[in-house]
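Protein chains: 2
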Amino acid sequence: MTLDKRIRDAIEARIRSGEWRPGYRIPFEHELVAEFGCARATVSKALSALVAAGLIERRRKAGSFVAHPQVHAALLDIPDLARLEGYRWERTACATAAPEEMVEVQSGPLLRVEGIHHADGAPLALERRLIDVSTVPEAATADFETEAPGSWLLGHVPWSDARHRIRAIAADRAQATALGMPIGVACLQLERWTWRAGALVTYVRQVFPGDRYDLTAEFGSRR
Amino acid sequence: MTLDKRIRDAIEARIRSGEWRPGYRIPFEHELVAEFGCARATVSKALSALVAAGLIERRRKAGSFVAHPQVHAALLDIPDLARLEGYRWERTACATAAPEEMVEVQSGPLLRVEGIHHADGAPLALERRLIDVSTVPEAATADFETEAPGSWLLGHVPWSDARHRIRAIAADRAQATALGMPIGVACLQLERWTWRAGALVTYVRQVFPGDRYDLTAEFGSRR
DNA sequence: TGCCATATTATGTCTAGACATAAAAGTAGA
DNA sequence: TCTACTTTTATGTCTAGACATAATATGGCA
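Residue numbers (the working numbering), protein chains in the order written: chain A, 19 to 241; chain B, 19 to 241.
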């Protein structure tokens, strides 16, 4: 393990654990130099890597700060429904659930929340969400009437890893009814598993009508 | 413009132009030090950035080499159909075409190629491709009977930028027939525009049956 | 109080050099 | 010829220090 990686990992661990929350000013370079007993260039290299990873921001004279998390992945344009204006969350169910659609993923007891996102009066997305209560205990008593679980989690779980799966599906009876469309309409289904420090935080499945939504991704890279 | 960025840009330009092809050994660090009149650390920083960008690979003692392009985007798992074994290309049409589905993208005269990718005997994807003949003149005389245009282009256009669009569609009559499925089946449609130095290289639209294929994406990053 | 010039300071970039490391190339012995 | 050891060499990591830059903080002036 190289020294700059050790410094990077030490800082990253404190950010991902939530100890250093978004906006927190991490120690100055000269303080890290003292803490790790190395040259400033080595600390700077570690901090540069954290900037590239999107974990911190550096400002001259002011210092380095834990970056504010963003739901938008840099390369894959997945909307954060809860943040978009004009969207309305409509809660339909909230209960303890067995994770029948989440096979192969380890989790504790789960809370299930379902709802519909609206845009301009019409339903845009159907959301089914499972929250691992052992990872996020506050979720058990949260009020998802006033705030959608997506944005609620954003404020309660600072950092995480995620895996996405995108597929085309035909809307079943329940989905078609909820979205106000005929059964069998082609929909884009986005699934996202979110972990924090190895523990499942939440699983969410969003269904978008194919004619109202598409994903875009840009790559300034290799073909 | 900082010195390390100038070095990086100079190397990147020679790679993207095709002057230095994949596998080419770029000058040793000490040669770049002499060329740019700077310290080795500065050259090394520029090369590290090129590694992070996926443009070069560095091997101790051997030197640094232009990386072999990969169709797989790092974060979004889009398969390179032409490279997967067991896939068979079946050409159905090849003609000059008006780009009716490519509005808003500027291009020269286009060559149209259509075909079906097979896996284990069953059709897996339907492909419609438009190639800009003014950007890739050799395409006009290429033989797409023996080689799919995707892999052919890979060998003739070294580096490029790309934009993707992903949506769910219902298969129309022609698509359903080609894929051997009922009309209206939910399919994942992947579109990709590819540019080289600002000029369109190719547009491709691939249609995958929803029940036979899905995309996955992992992000070790922010939510 | 409000504004502007100045000083301070943390980051940004770069240098010249040291030592480590891994892999290729060369060498000697079986 | 084949194998094992040694040498060479390009990259990998790090140091101690220099100067640049930009944004904050400070102090004086109106």
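Backbone N, C-alpha and C fix where the C-beta goes; we use that ideal spot for every residue, glycine too.
Would you kindly check if the distance between the Cβ of residue j and the Cβ of residue i is under 9 Å?
{"i": "residue 151 of chain A", "j": "residue 187 of chain A", "result": "no"}
{"i": "residue 84 of chain B", "j": "residue 76 of chain B", "result": "no"}
{"i": "residue 140 of chain B", "j": "residue 230 of chain B", "result": "yes"}
{"i": "residue 43 of chain B", "j": "residue 146 of chain B", "result": "no"}
{"i": "residue 169 of chain A", "j": "residue 214 of chain A", "result": "no"}
{"i": "residue 175 of chain A", "j": "residue 154 of chain A", "result": "yes"}
{"i": "residue 65 of chain B", "j": "residue 49 of chain B", "result": "no"}
{"i": "residue 167 of chain B", "j": "residue 157 of chain B", "result": "yes"}
{"i": "residue 233 of chain A", "j": "residue 184 of chain B", "result": "yes"}
{"i": "residue 142 of chain B", "j": "residue 206 of chain A", "result": "no"}
{"i": "residue 149 of chain A", "j": "residue 172 of chain A", "result": "no"}
{"i": "residue 74 of chain A", "j": "residue 134 of chain A", "result": "no"}
{"i": "residue 204 of chain A", "j": "residue 204 of chain B", "result": "yes"}
Quick one, which of the options has its alpha-carbon nearest residue i's?
{"i": "residue 57 of chain A", "options": "A/131, A/25, A/81", "result": "A/25"}
{"i": "residue 21 of chain A", "options": "A/67, A/41, A/36", "result": "A/67"}
{"i": "residue 27 of chain A", "options": "A/40, A/41, A/54", "result": "A/54"}
{"i": "residue 201 of chain A", "options": "A/227, A/173, A/219", "result": "A/227"}
{"i": "residue 197 of chain A", "options": "A/163, A/219, A/164, A/144", "result": "A/144"}
{"i": "residue 81 of chain A", "options": "A/72, A/45, A/63, A/71", "result": "A/45"}
{"i": "residue 252 of chain B", "options": "B/72, B/203, B/191, B/128", "result": "Any property of residue 252 of chain B remains undetermined from this structure, which presents chain B solely from 19 to 241."}
{"i": "residue 219 of chain A", "options": "A/126, A/19, A/52, A/137", "result": "A/126"}
From which residue to which residue does the beta strand (DSSP E) around residue i run?
{"i": "residue 182 of chain A", "result": "179-188"}
{"i": "residue 207 of chain B", "result": "204-214"}
Is residue i helix, strand or coil when you go by DSSP?
{"i": "residue 133 of chain A", "result": "strand"}
{"i": "residue 161 of chain B", "result": "coil"}
{"i": "residue 124 of chain B", "result": "coil"}
{"i": "residue 54 of chain A", "result": "helix"}
{"i": "residue 201 of chain A", "result": "coil"}
{"i": "residue 78 of chain B", "result": "coil"}
{"i": "residue 150 of chain B", "result": "strand"}
{"i": "residue 87 of chain B", "result": "coil"}
{"i": "residue 233 of chain B", "result": "strand"}
{"i": "residue 39 of chain B", "result": "coil"}
{"i": "residue 45 of chain B", "result": "coil"}
{"i": "residue 195 of chain A", "result": "helix"}
{"i": "residue 21 of chain B", "result": "helix"}
{"i": "residue 238 of chain B", "result": "In this prediction, residue 238 of chain B scores a pLDDT of 45, lower than 50, which makes its location untrustworthy; the coordinate-derived value is nonetheless stated afterwards. In the structure shown, residue 238 of chain B sits in coil (DSSP, three-state: anything other than H, G, I, E or B)."}
Buried or exposed for residue i, going by 16 or more other Cβ atoms inside 10 Å?
{"i": "residue 221 of chain A", "result": "buried"}
{"i": "residue 35 of chain A", "result": "exposed"}
{"i": "residue 124 of chain A", "result": "exposed"}
{"i": "residue 209 of chain A", "result": "buried"}
{"i": "residue 189 of chain A", "result": "buried"}
{"i": "residue 194 of chain A", "result": "buried"}
{"i": "residue 31 of chain B", "result": "exposed"}
{"i": "residue 86 of chain A", "result": "exposed"}
{"i": "residue 60 of chain A", "result": "buried"}
{"i": "residue 63 of chain B", "result": "buried"}
{"i": "residue 164 of chain B", "result": "exposed"}
{"i": "residue 180 of chain A", "result": "buried"}
{"i": "residue 92 of chain A", "result": "Caution applies to residue 92 of chain A, whose pLDDT of 42 falls short of 50 and renders its modelled position unreliable; the value that the coordinates give is listed next. With fewer than 16 Cβ atoms within 10 Å of its Cβ, residue 92 of chain A is classed as exposed."}
{"i": "residue 38 of chain A", "result": "buried"}
Starting from residue i, trace the alpha helix (DSSP H) in both directions and tell me its first and last residue.
{"i": "residue 62 of chain B", "result": "58-70"}
{"i": "residue 169 of chain A", "result": "167-174"}
{"i": "residue 218 of chain B", "result": "Premise fails: residue 218 of chain B lies in the beta strand (DSSP E), 217-227, not in any alpha helix (DSSP H)."}
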